[in-house]
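Input: a single structure, listed below in structure tokens.
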Amino acid sequence: MSAVIQVNDLHKQFNPPDGTVAVDGVSFTVAGGEIFSLLGPNGAGKTTTISMLSCLLRPTGGEAWVAGSSIIDEPRQVRDHLGVVPQEVALYLDLNGRENLRFWGRMYRLGSDELERRIDEVLDLIGLAERQKDRVADYSGGMKRRLNIGVALLHRPEVLFLDEPTVGIDPQSRRSILDGIRDLNSAGMTVLYTTHYMEEAQEISDRIGIMDHGRMVNCGTHAELVKLVGEETRVNVSVEGDPEKVAKRWEGLAGVRMLSREGSDVRLLVKDSQDAIPRLFQQAERAGSRLTAITVEEPDLEDVFLHLTGRELRD
5 MSAVIQVNDL HKQFNPPDGT VAVDGVSFTV AGGEIFSLLG PNGAGKTTTI SMLSCLLRPT
65 GGEAWVAGSS IIDEPRQVRD HLGVVPQEVA LYLDLNGREN LRFWGRMYRL GSDELERRID
125 EVLDLIGLAE RQKDRVADYS GGMKRRLNIG VALLHRPEVL FLDEPTVGID PQSRRSILDG
185 IRDLNSAGMT VLYTTHYMEE AQEISDRIGI MDHGRMVNCG THAELVKLVG EETRVNVSVE
245 GDPEKVAKRW EGLAGVRMLS REGSDVRLLV KDSQDAIPRL FQQAERAGSR LTAITVEEPD
305 LEDVFLHLTG RELRD
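If you count the sequence shown from 1, position 238 lands on 242 in the working numbering, and the numbers rise without skipping.
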């Protein structure tokens, strides 16, 4: 399937030549009908990338196309294809839900009759028809997020950008938003999604781009990314005693790689858990410590991120 989003060597430096480089040579493509997630910690460059693709920020280098239109030379055409859900809620709190949708629909240049019909459809879609006459100031955080998504859907965009849409909301609202995104995608919408929640990226994405310090570290399906850590198994261990002393002993063991240590909890990758675990117990005993808990799991995206960047995703 042809690319609906094409990003080539995108750069953004604020206050050049000495200012912060927020995006440093990012390239990726998103096929039509795909959910593509940018996964990375806060400060990775995800929002700056979205802002450039939305034509809100001009790149300092590189180029990108959305639905065949250049973000540099054809920003008006790009915006016509886009629905954008920003990280910060962009709503008028003193207006009710319907009034907010009407205001933004007029910004999209929708005619009165068409707009009222579309507002009804969107309110049903986001589950706020019964609360449409309530002031947005009285909405919960999750309801505001859903209304924010509704605004982006009014003009029936071909492509939807969502920048951290589930930050700071309750689990039930998060579930509703994620299910809604999958429904939109099932109806044919292409989605570019940013998050620092590994579970979200893993659940909804066709492909995932891992970003860190403004760069695209790696990109692929969940299965392809997990393969980057090899045929290894993650072992989580709790140590009673001196975990630092024990960890140093484990670092010298063949087939054992240290991922992280937080207090008495140590996370490892091992090539053969049946072979490695007895040796872990043995070395802990020699260090005058003992293991109080041990679990064996398949690697996940956080392990991949740690493997690629040397730090944990939540940092």
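Just so it is clear, CB atoms sit at the ideal spot from N, CA and C, and this is done for glycine as well.
As the structure is a computational prediction, the values presented were derived from the model and not from experiment.
Which complete beta strand (DSSP E) runs does the region 147-225 hold, if anything under 3 residues is left out?
For the region 147-225, whole beta strand (DSSP E) runs of length 3 or above, ordered along the chain, are 163-167, 194-199, 211-216, 219-224.
Ignoring anything shorter than 4 residues, give me the alpha helix (DSSP H) runs that lie fully in the region 216-290, in order along the chain.
You should have 226-230, 247-255, 277-290.
Using CA coordinates, which residue listed in A48, R253, I185, D22 is at the minimum distance from G218?
The candidate whose alpha carbon is nearest that of G218 is A48.
S74 bridges to which residues according to DSSP?
Answer is W69, bridged to S74.
Can you name the start and end residues of the beta strand (DSSP E) that T24 belongs to?
First-last for T24: undefined, no H or E at that position.
So what's F32 in DSSP terms, helix, strand or just coil?
F32: strand per DSSP, three-state reduction.
Residues in the same chain with beta-carbon distance under 8 Å from D304, minus the five sequence neighbours each way, listed in chain order, please.
Excluding residues within five positions, the ones whose Cβ falls inside 8 Å are M202, Q206, V230, R238.
Just to confirm the assignment, what range does the alpha helix (DSSP H) spanning E92 have?
It is not in any alpha helix (DSSP H) - E92 carries neither H nor E in the DSSP assignment.
Using C-beta distances below 6 Å, list every residue in its chain close to Q17, excluding the 5 sequence neighbours before and after it, in chain order.
Once the five neighbours on either side are set aside, the close Cβ partners of Q17 are G23, V25, T64.
Can you list, in chain order, the residues of its chain whose CB lies under 6 Å from that of L157, leaving out five sequence neighbours each side?
Contacts found: G87, V126.
Would M193 and L166 be called neighbours here (beta carbons separated by less than 8 Å)?
Not a contact, by the Cβ cut-off of 8 Å.
Would G213 pass as a contact of L42 if the rule is Cβ separation under 8 Å?
For G213 and L42, yes; Cβs fall inside 8 Å.
In three-state DSSP terms, what is F18?
Looking at F18 - three-state DSSP - the assignment turns out to be coil, as it is neither helix nor strand.
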